[in-house]
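Only one structure is covered here, and it is reproduced in the block below.
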Amino acid sequence: MHDQQAVDRVFAEFSPQRVVNLAAQAGVRYSLENPRAYVESNLVGFINILEACRHGGIEHLVYASSSSVYGANRKLPFSVRDAVDHPVSLYAATKKSNELMAHTYSHLFKLPTTGLRFFTVYGPWGRPDMALFLFTRNILEGKPIDVFNNGHHKRDFTFVGDIAEGVVRATERIAQPDPKWNSAAPDPASSSAPFRLYNIGNHEPVQLMRYIEVIEECLGRKATKNFLPMQDGDVTEAIADVGDFKDIVGFVPDTPIEVGIERFVRWFKEYYQK
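Sequential numbering of the sequence shown, starting at 0, is according to numbering that gives the first Met the number 0.
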């Protein structure tokens, strides 16, 4: 994505009308080790997408943001109407930057943009560094699993199928200027420009220990747990307020972890022949 010429070639060849950008350097922990990768992919790469959309006359750009942007916020559930000015990881800072960059292009060039703040996505074909993948693999191999924050995390675990459905629906709902937007009391989630932000999460927070318990049930094995303190850049709770997404886009993720984890475990065993 940070290869401008490659991005421009794709736009020239396919002449898209609407664009969904899910490409990024993801993950909080790796941003502590290799911050430049996040600048190259998430900032340079995103400006390439914005420029291609601007010059390509794109009808609508939908892009992935992250619940990580809420950072040091503690008011729950997290609302897109709250300020997110205190990121606690560079990954979060780049995602917040993407939202600001998108708004600038919406304002200057009337490019409709919609940012989706994903909440703890899981499911088949997930990243190998994510908790569900690591837990499943280690349990099957008889290895201990690392449980950070002593298992006290609470998350809106959101099944990838629900995320996909939400992205498609958001793409069809082209961002419009908010006629009620007030510059004296600005709403961060909308604008006088064609710009929108939404949370997309399961809105049913689950304790990490329950998440692990369901994995154990699906595998028919108990995990050996290595309890560890909270990691730098992490947050204790992430719960989504999805009211705007439901009201405007007309969809709310609702796959329970018992169903989503079972689907992942079935895929994992088939794919890795475990």
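All C-beta atoms in this analysis are idealised placements derived from N, C-alpha and C, irrespective of residue type, glycine included.
- By the Cβ-count criterion, residue 105 is buried, with 16 or more other Cβ atoms from all chains shown falling within 10 Å of its own Cβ.
- Taking one beta carbon from each stretch, the segment 73-93 and the segment 194-204 have 3 or more pairs nearer than 8 Å; the two touch.
- Residue ranges of uninterrupted alpha helix (DSSP H) with 4 or more members, entirely inside the segment 198-223 and ordered along the chain, are 207-218.
- Counted as a single uninterrupted DSSP element, the stretch harbouring residue 138 is not any beta strand (DSSP E) but the alpha helix (DSSP H) occupying residues 130-139.
- Within the same chain, 204, 205, 206, 207, 235, 236, 237 and 238 come within 8 Å of residue 153 by CB-CB distance, once the 5 residues on both sides are set aside.
- Comparing alpha carbon positions, the residue from 12, 49 and 16 closest to residue 1 is 49.
- In this structure, the straight-line span from the alpha carbon of residue 70 to that of residue 91 is close to 7 Å.
- DSSP places residue 153 in the strand class (E or B) of the three-state scheme.
- Counting along the chain, residue 101 sits inside the alpha helix (DSSP H) bounded by residues 89-108.
- Cβ-Cβ separation between residue 267 and residue 103: approximately 41 Å, too far for a contact (criterion under 8 Å).
- Annotation for residue 227: 145, 146 and 147 place their beta carbon closer than 7 Å to its own, counting only its chain and skipping 5 residues before and after.
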